[in-house]
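Participant: Position 219 of the sequence shown, counting from 1, maps to 218 under numbering that gives the first Met the number 0, and the rest follow consecutively.
The beta carbon of each residue, even a glycine, is placed where N, CA and C say it ideally should be.
What follows is a single structure, and I will ask about it in a moment.
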Amino acid sequence: MRNRTQVGIVGAGPAGLMLSHLLHGAGVESVVLEIKSRADVEATLRAAVLEQGTVDLLVSTGVGERMLREGAVHRGVHLRFGGRSHRIDFPSQTGGRAITLYPQHEVLRDLIAARLAAGGDVRFEVSDVRLDGLDGDAPRIRFAAGGVAQELRCDFIAGCDGFHGVSRPSIPPGVLTEHVHDYPFGWLGTLVEAPAVTGEIVYAHSRRGFALVSTRTPSVQRYYLQCDPHDEVDAWPDERIWAELHGRLAGEDGWRLAEGPIFQKGVIAMRSYVVEPMQRGRLFLAGDAAHIVPPTGAKGLNLAISDVRLLAEAIVESYARVRRDLLDRYSATALKRVWRAQHFAWWMTAMLHRFPGDDEFQVRLQLAQLEQVTSSPAASTMLAESYVGAF
Ligand code: APR
Ligand code: PHB
């Protein structure tokens with residue numbers, strides 16, 4: 000096993016694997032270190048909405064073949080309020096862009112397969128990962144593999160180890176500024192064996208709380224309900240889930256979900272988090288290690304991919320031209336997009352959810368905003384652009 004590489008990457012999530020893949024395409028070598036097993040990484044259920052830019056990057060770098068075959072292209076979303084659905088069209092308002100539904104773990108399977116086929120060095124089930132020498136020219140990652148202590152010497156380290164990883168806490172105290180916003184609700188996510196009743200995602204506003212109708216395959220649907228952030232899944236027996244879904248989606252048009260066996264339930268916390276700057280010395284943070292968005296705008300996975308696209312370009316430039324301009328600007332460049340996405344996710348969340356203590360005035364303001372977004376071309380273009388990632 001090599002103990003020296005150009006870029007040491009901590010974490011084999013979307014950020015870490017895509018970074019390794021992009022660097023390989025540009026002739027820069029990397030080693031990816033991951034605490035989980037390959038099977039666990041490939042089985043973890045997460046997001047599924049890929050912006051057009053993410054789709055294009057997967058395709059142009061040779062890992063989009065299965066996504067093009069098995070993913071579903073959605074050319075719009077529905078906002079449902081006041082008992083009716085209102086469609087926002089993407090291509091006509093964004094220069095032809097759309098989104099693709101293809102689960103994150105499938106993206107990870109494709110990336111892992113591509114890295115391994117290209118002889119890439121991805122090490123699963125490592126432990127005790129620690130970062131050293133970040134401020135010098137020769138940063139190191141110490142870790143254990145199979146119980147044996149090892150050291151990986153690198154030119155750069157990419158902290159792609161998610162919100163609970165070791166990279167961000169390795170930065171000395173006092174360097175980072177954290178921006179945190181917690182929401183007073185969570186989402187109950189379910190997977191249901193049932194036929195699709197809509198070809199596109201439905202975001203529903205209701206006085207009983209928010210509901211979201213999404214899909215995975217023609218026979219598996221993904222439904223979410225706003226819930227208390229401290230709820231255990233036991234608080235949500237199937238009958239309660241169906242009663243709330245039907246209640247929150249009810250309308251004069253009679254639109255109704257098909258029921259079926261619910262085979263997965265989980266509660267997701269809602270939080271906005273940004274750390275600034277996203278770099279320290281030779282350590283660069285990307286993806287959830289640096290920022291978290293609430294799932295309402297479906298931006299988490301796409302932000303991770305756009306971070307590493309910038310980071311790969313900057314690292315490649317530093318080797319090709321012995322310049323560090325792009326690397327020095329990495330955090331500032333990435334954070335612009337992060338804050339745009341952060342605002343979009345917060346705005347969608349605020350427009351669609353029932354906040355504790357909200358009175359009828361607040362509800363009327365939300366309905367007025369929804370009316371504007373679905374009737375004013377300017378306002379609906381703004382939503383469409385943000386949703387497909389045209390910013
Ligand atoms: N050492 C090595 N790997 C680690 C460590 C560690 N100390 N801590 C965590 N990891 C691994 C995790 O096991 C995980 O596989 O880092 C990976 C981080 O992946 P993600 O959490 O998926 O983060 P990221 O790649 O930034 O992707 C963000 O994933 O969490 C979703 O909704 C989020 O879609 C967004 C996307
Ligand atoms: C999903 O399909 O899981 C999904 C879709 C849209 C969101 C969040 C999650 O905003």
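Tell me where the beta strand (DSSP E) around S213 begins and ends.
Facilitator: Per DSSP, S213 belongs to the beta strand (DSSP E) from A210 to T216.
Participant: For L32, is the beta carbon positioned less than 7 Å from some heavy atom of ligand 1?
Facilitator: Yes - ligand 1 has a heavy atom lying nearer than 7 Å to the Cβ of L32.
Participant: How many whole angstroms separate the CB atoms of V292 and A344, which I take to be in contact at a CB cut-off of 8 Å?
Facilitator: 4 Å between Cβ atoms; contact.
Participant: In whole angstroms, what is the alpha-carbon distance linking G299 and S330?
Facilitator: Between G299 and S330, the C-alpha separation is close to 17 Å.
Participant: Assuming F352 and Q225 form a contact by the criterion Cβ under 8 Å, report the distance between their Cβ atoms to the nearest whole angstrom.
Facilitator: In the sequence as displayed, the identity of residue 352 is His instead of Phe. Their Cβ separation, rounded to whole angstroms, is 6 Å, which keeps H352 and Q225 in contact under 8 Å.
Participant: Do A14 and D252 count as a contact pair if the criterion is CB distance below 8 Å?
Facilitator: For D252 and A14, no; Cβs fall outside 8 Å.
Participant: With H, G and I counted as helix, E and B as strand and the rest as coil, what does DSSP make of H104?
Facilitator: The answer is helix: DSSP assigns H104 an H, G or I state.
Participant: What separation, rounded to the nearest whole angstrom, lies between the Cα atoms of M66 and Y101?
Facilitator: C-alpha separation (whole angstroms): 6 Å.
Participant: Would you mind giving the Cβ-Cβ distance between V121 and A234, rounded to the nearest angstrom? I have them listed as a contact below 8 Å.
Facilitator: About 39 Å; that fails the 8 Å criterion.
Participant: Check this for me: beta carbons of E41 and L130, under 8 Å apart or not?
Facilitator: Not a contact, by the Cβ cut-off of 8 Å.
Participant: Find out if the Cβ-Cβ distance for the pair L49, T93 is shorter than 8 Å.
Facilitator: For L49 and T93, no; Cβs fall outside 8 Å.
Participant: What are the start and end residues of the alpha helix (DSSP H) that includes G68?
Facilitator: Going by the sequence as given, residue 68 is Arg instead of Gly. E64 to E69 is the span of the alpha helix (DSSP H), which, as asked, contains R68.
Participant: Closer than 8 Å is the cut-off here; do at least three beta carbon pairs connect the segment 253 to 262 with the segment 148 to 158?
Facilitator: No, because fewer than three Cβ pairs between the segment 253 to 262 and the segment 148 to 158 fall closer than 8 Å, the two stretches do not touch.
Participant: Quick check on the DSSP output: the beta strand (DSSP E) that includes K264 runs from which residue to which?
Facilitator: First-last of the beta strand (DSSP E) with K264: I261 to E275.
Participant: Between which two residues does the alpha helix (DSSP H) harbouring G52 extend?
Facilitator: From DSSP, the alpha helix (DSSP H) with G52 extends over Q51 to S59.
Participant: For V76, collect the residues of the same chain with a Cβ closer than 7 Å to its Cβ; drop the 5 residues on either side in sequence, then sort them by chain order.
Facilitator: Counting only Cβ-Cβ distances below 7 Å, and skipping sequence neighbours, we find I87, E199, I200, Y202 and Y386.
Participant: Kindly indicate the opening and closing residues of the alpha helix (DSSP H) around H23.
Facilitator: H23 -> alpha helix (DSSP H) spans P13 to G24.
Participant: In terms of alpha-carbon separation, which member of V321, R215, E316 and Q365 lies closest to G81?
Facilitator: When each option's Cα is compared against that of G81, the closest is Q365.
Participant: Between which two residues does the alpha helix (DSSP H) holding Q149 run?
Facilitator: Counting along the chain, Q149 falls outside any alpha helix (DSSP H), though it belongs to the beta strand (DSSP E) covering V147 to R152.
Participant: Starting from the C-beta of T348, find all residues in its chain whose C-beta is less than 6 Å away, skip the five residues before and the five after it, and write them out in chain order.
Facilitator: Around T348: P293 and T295.
Participant: Report the option in G280, L16, L244 and V179 whose CA atom is closest to the CA atom of F123.
Facilitator: Ranking G280, L16, L244 and V179 by Cα distance to F123 puts L16 first.
Participant: Using three-state DSSP, classify W345 as helix, strand or coil.
Facilitator: Residue state, collapsed to three classes: helix.
Participant: State yes or no: is the C-beta of H392 nearer than 7 Å to some heavy atom of ligand 1?
Facilitator: It is not possible to answer for residue 392, since the shown part of the chain is limited to 0 through 390.
Participant: Flag L300 as yes when its Cβ comes closer than 7 Å to any non-hydrogen atom of ligand 1, and as no otherwise.
Facilitator: Under cutoff, so the answer is yes.
Participant: Closer than 7 Å to a non-hydrogen atom of ligand 1 - does that hold for the CB of D160?
Facilitator: Result yes, Cβ under 7 Å from ligand 1.
Participant: Just the Cα atoms here: how many angstroms apart are E312 and H342?
Facilitator: Each residue's alpha carbon lies about 26 Å from the other.
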